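Engineer: 1 is the number of the first residue of the sequence shown in full-length UniProt numbering; add one for each residue after it.
Ideal placement from N, C-alpha and C gives every residue a C-beta, glycine not left out.
These numbers come from a predicted model, not from an experiment.
Structure below; questions to follow.
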Amino acid sequence: MAPRIRSSITALEALRKDNYANWSVSMKHYLLAHSLWDIVETAMEPPKAEDVGKYEAWTEKNASALNAIGFSCELDIFSQIRKINSAKVVWDTLAKMYAQPSQGVLNSVVELRNSSSNILVTKEDKPSEAAAANQTVDRNSSNMSVTKEPSEAAGANHTVDRNASNNPGGCLRSSLSLPVNTLAKMYAQPSQGGLNFVVELRNSSSDISVTKEDKPSEAAAAYQTVDRNSSNMSVTKEPSETAAAHHTVDRNSSNNPGRGDEKNHDYVRYAALLNHVRSGDLNALKDFLRLHPQATSAKITFIDQTALHIAVLAGHERIVQELVERMSDDNLAIQDIDGYTALARATTTGNYRMVECMIKKNQKLVSIAESSWGSIPVVISMNFDYKELAHYLYSLTPQQDLEPEKGHHGASLVSFAIYTLTLDIAVDLIRRCPRLAFTLDREQFSPLYVLASTSEAFPSGKHLVFWKRWVYSCIHIRPASRATHEIRVNIQNIQEETITTSTRTLLHHLAANLLFGFKKLSEMKLIHIQSHDLLSRMCEPISTLNEEARSNGGVYAAIFRAIKEGNFEFVYEIVRANPDLLYVIEYPAKRTIFMLALLHRQAKIFSLIYGLPQRKTALSGFDTIYNNTLHMAGIFTASTPIHHIPGAALQMQRELQWFKEVESLVPPMLKKGLNNDGLTPRQLFTRDHEDLMKKGEEWIKSTATSCTVVGALIATIMFAAAFTVPGGNNQNTGLPMFIDKKLFIIFAIFDSLSLFSSSASVLMFLGILTSRYAEEDFLKPLPKKMIIGLFSLFFSIATMMVAFSATLLLMLHGKSFIFIPLFCLVSVPVNLFVLMQFPLLVDMTMSTYGPGIFNKKMKGWI
């Protein structure tokens, strides 16, 4: 949900087959602004790979230039250059493919295609010049003739007459002969606010007259009219009394409005400033600004960014401070093409000092929204998860800017605060303006809906191991030293570090971090307390809302989303505060809260049914295709949340447990009810779970097979060890040599236990492999056999290790330096097997003989 920031390349006109002239100039300016033009302009060879620094710099610049050029080309053009690895070669290739003659001139350019034509060009100088001149140009083959003649016109006039009859024989009226490119450069004037234009003469038989009158120095703008018929074109530029330039284009008697005046930023002029800012050269920047003080407010990139914008994005704090000191309050509010002020850009980087520097000079900046998403700085900082910066900006943002009447700012801030779990801001803002809970944010979601979808903000969204649950329950959160409603105080020194920290505080934090992740658990519990407070404040005004306000404010959608996410606390609190919401229906499927809880397998939410006096009434609903509540327990799709359960067999067992439990709750008539497909709940369950049952059969067979191999191996080893006792036998009596040793007795006992238990596990796994694998077998018979087999196998492994240890001690008595490494080495594979399979035994035991999936002790809660 980050804000959309367009790249400066996207501001360029895409290269097509008919606009190379405009595109090449714009792209050149872009490359100059990003210090990439030298890669294209010069024919330098890439540095040698041995010179790592220079080679990497050249490679980076070449890749950047290639990326910029390729990004601004249309797809068909890009496909022709995509295999070229040199930016210069790409540039030259595009020039050969699409450049027209006499390219490169900034202003008035006439393209002459027919070398046999004679052209008359006349220019009359401006009134201020005493000796006006008229120039006549005749082009034959590759040369043009220029003749100066007096003129009485008030402004400079250029006339081009392309007709062989006007200049018979192609006779020259002057001894001066120039190439076309040279002449074009002579007549091309620097961009001075006038209109630059390009006229292509494609038809050699056309009669074309071009007249240009320079505007008087006192004129504020110019008016231009272009009339183009099939063979004639007239372009006239003359003074206008209006304050803005007007462009009118008339082609074949049809009026087409022109683009209007565009801002003419002199990017080349400020290229040095751009380089100084990007490189972080503060001294060079100061020298430049002494000569050009107005440059601080100039827009020096194609996306209308000032030097301050560039410095902020480059992360140069000292340059930002220097520019802010030189700029006026109004100039600090200058926005780029996306409507971002320099402050707004600084909030996207999270740089607190830059933000503070600008706000100290102009605090009104906190109320200026960018145009992409319409977000003010505090919303932007929260969106990027800069929590400390968001607290600072929130303390300075006027309350009225966050009210619903001012747009989505307040709702978006609450939503982003919930997403980032910065709940103190969310609680404070909802306390001040409860209506924000039902106001749509910039993503068209209400904060209430966002809270419903953020299950990690509540205890039900965190699954802790047993020892963490115990630590969590023992944590006591002290009341905050600063009340939540006092968060808006100015906290300008939020980033200042306190050096004088007491030894006691340091040790406290160290112990908190080391002892079972105490700090994280404390933060988690604080978030849970804040989320409960926030939810309570949001629930209070719901009872005062009418049906339309509840729907538009996302109340119903929030409940349904909370059920899908398993957000038990949200559903519990909102329905308890407003009991009428218990009977809300989801459209268009027309499903109740408990039907949705069954569909999404949310056991804690469905357990709320045990706290209602009229259970069977609450479970008597039907959806649009006549699926009743028990049908919901039989539906199984790819999105059914059972992936947290290990093994397909246990997943099938859990599905059967859901169905059996709901079957015991619904009225008897629903057990045989038919839906629109003519299926009873049991038939629907069998149809939807057919694939899962096959996967469960494959899983349990593969597990039993692997465990059978291990059990048989242990039985073989233990059987052989019983007849090859350590130390051998007495040749006279046949008794073991160490029969009087206690360690030998231990060996004999545990060897026998291991042999018997491994044999039992093998027999049990063989029984599993020969089972019928009916649907009902997955509920208890198969899990029961698997539990016995796994337990026997683990017991045989444990007794085998005891017997092995006793043998080593008996044989290596007094040589522990040999015994200990050998024992550790042999234990590695055994321990790995146990670690991988033992959790399965625990899960299967809890699933089969545990307390069940529902909380049947739920007390009345409404």
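Just the C-alpha distance for Glu152 and Ala346, rounded to the nearest angstrom, thanks.
Structural biologist: The pLDDT assigned to Glu152 is 39, lower than 50, so where the model puts this residue is not dependable; a value taken from the coordinates is nonetheless given after this. Looking at the two C-alpha atoms, the distance is approximately 58 Å.
Engineer: I need the boundaries of the alpha helix (DSSP H) containing Cys707, first residue and last residue.
Structural biologist: First-last of the alpha helix (DSSP H) with Cys707: Glu690 to Phe723.
Engineer: Mind checking whether Ser607 and Phe854 have CB atoms under 8 Å apart?
Structural biologist: Cβ atoms of Ser607 and Phe854: closer than 8 Å.
Engineer: When the distance is taken between beta carbons, is Pro726 closer than 8 Å to Thr807?
Structural biologist: Contact flag set, yes.
Engineer: Give the secondary structure of Ala222 by DSSP, where H, G and I count as helix, E and B as strand, and everything else as coil.
Structural biologist: Low per-residue confidence applies at Ala222: pLDDT is 33, beneath 50, and the placement is therefore not dependable enough to give any value.
Engineer: Residues in its own chain within less than 8 Å of Arg615 by CB, not counting five upstream and five downstream?
Structural biologist: If we look at Arg615 and ignore the five residues flanking it on each side, its Cβ neighbours are Ile609 and Leu665.
Engineer: Helix, strand or coil for Trp861, going by three-state DSSP, please let me know.
Structural biologist: Coil, per DSSP.
Engineer: Between which two residues does the alpha helix (DSSP H) carrying Trp373 extend?
Structural biologist: That residue, Trp373, is in no alpha helix (DSSP H); it is neither H nor E in DSSP.
Engineer: With a threshold of 8 Å on Cβ separation, who are the neighbours of Gly350 within its own chain once the five nearest residues in sequence on each side are excluded?
Structural biologist: Answer for Gly350: Ser381, Phe384, Tyr386 and Leu389, listed in chain order.
Engineer: Out of curiosity, what's the CA-to-CA distance linking Pro404 and Ala33?
Structural biologist: Taking the straight line joining both Cα atoms gives about 42 Å.
Engineer: Quick one: Cα of Val584 to Cα of Met27, how far?
Structural biologist: Straight-line Cα distance between these residues: approximately 59 Å.
Engineer: In whole angstroms, what separates the C-alpha of Ile635 from that of Pro851?
Structural biologist: Cα-Cα distance, rounded: 24 Å.
Engineer: I think Gly696 touches Phe765, with their Cβ atoms under 8 Å apart; what is that distance to the nearest whole Å?
Structural biologist: The pair is not a contact, with the Cβ atoms about 16 Å apart (cut-off 8 Å).
Engineer: From the DSSP output, read off the bridge partner residues of Leu15.
Structural biologist: In the DSSP output, where bridge partners are listed per residue, Leu15 has Cys73.
Engineer: Where Asp336 and Lys299 are concerned, what is the direct C-alpha to C-alpha distance, given to the nearest angstrom?
Structural biologist: Computed Cα separation, rounded: 8 Å.
Engineer: In this structure, what does DSSP give as the bridge partners for Glu586?
Structural biologist: In the DSSP output, where bridge partners are listed per residue, Glu586 has Arg591.
Engineer: Could you check where the alpha helix (DSSP H) with Cys357 kicks off and where it finishes?
Structural biologist: Counting along the chain, the alpha helix (DSSP H) containing Cys357 begins and ends at Tyr352 to Lys361.
Engineer: I'd like the list of long-range same chain contacts for Arg326, defined as Cβ closer than 8 Å, with 5 residues on each side in sequence excluded.
Structural biologist: Closer than 8 Å at the Cβ level, and outside the excluded window around Arg326, lie Leu289, Pro293 and Thr296.
Engineer: By a C-beta neighbour count over all protein chains shown, 10 Å radius and 16 as the cutoff for buried, is Gln653 buried or exposed?
Structural biologist: So Gln653 ends up on the buried side.
Engineer: Quick one: residues in its chain with C-beta nearer than 8 Å to the C-beta of Lys604, no 5 flanking neighbours on either side, listed in chain order?
Structural biologist: Taken in chain order, the residues that qualify are Ser460, Gly566, Phe568 and Asn855.
Engineer: Is Leu365 near Leu332, with beta carbons less than 8 Å apart?
Structural biologist: In this structure, Leu332 lies closer than 8 Å to Leu365 by Cβ.
Engineer: If you run the structure through DSSP and keep just helix, strand and coil, what is Asn567?
Structural biologist: DSSP places Asn567 in coil when its eight states are reduced to three.
Engineer: Cutting at 8 Å between CB atoms, please list the residues of its own chain near Ser620, excluding the five before and the five after it.
Structural biologist: Here the set comprises Asn628, Thr629, Val666, Pro667 and Leu670.
Engineer: So what's Asn730 in DSSP terms, helix, strand or just coil?
Structural biologist: Asn730 falls in the coil class under three-state DSSP.
Engineer: Using CA coordinates, which residue listed in Val324, Asn67, Ala589 and Trp658 is at the minimum distance from Pro641?
Structural biologist: For Pro641, the nearest C-alpha among the options comes from Trp658.
Engineer: Closest by CA to Thr301, which one among Glu322, Tyr270 and Asn831?
Structural biologist: Closest option to Thr301, Cα to Cα, is Tyr270.
Engineer: When burial is assigned at 16 or more other CB atoms within 10 Å of the CB, is Met836 buried or exposed?
Structural biologist: Its Cβ having fewer than 16 others within 10 Å, Met836 is exposed.
Engineer: Tell me, please, whether the region 741-760 touches the region 791-808 by the rule of three or more beta-carbon pairs shorter than 8 Å.
Structural biologist: Verdict: yes, contact present.
Engineer: Going straight from the alpha carbon of Asp740 to that of Lys784, what length do you get?
Structural biologist: The alpha-carbon atoms of Asp740 and Lys784 are separated by roughly 42 Å.
Engineer: Please give the ranges of any alpha helix (DSSP H) in the region 267-304, keeping only runs that are unbroken, at least 4 residues long and fully inside the region.
Structural biologist: Here the runs fully enclosed are 271-279 and 282-291.
Engineer: Which residues does DSSP list as the beta-bridge partners of Phe622?
Structural biologist: According to DSSP, Phe622 bridges with Asn628.
Engineer: Using only CA atoms, which one of Thr422, Glu663, Lys360 and Thr703 lies nearest to Val379?
Structural biologist: Measuring from the Cα of Val379, the nearest candidate turns out to be Thr422.
Engineer: Using CA coordinates, which residue listed in Asp330, Glu456 and Ala68 is at the minimum distance from Ser531?
Structural biologist: When each option's Cα is compared against that of Ser531, the closest is Glu456.
Engineer: If you measure between the beta carbons of Leu451 and Leu429, is that distance less than 8 Å?
Structural biologist: No, the pair does not count as a contact, with Cβ atoms beyond the cut-off.
Engineer: Check whether the region 682-702 touches the region 728-738, counting contact only when three or more Cβ pairs, one atom from each stretch, lie closer than 8 Å.
Structural biologist: Segments in contact, no.
Engineer: I'd like to know whether the C-beta atoms of residue 900 and Tyr340 end up nearer to each other than 8 Å.
Structural biologist: As displayed, the chain neither begins before 1 nor continues past 862, which places residue 900 out of reach and without an answer.
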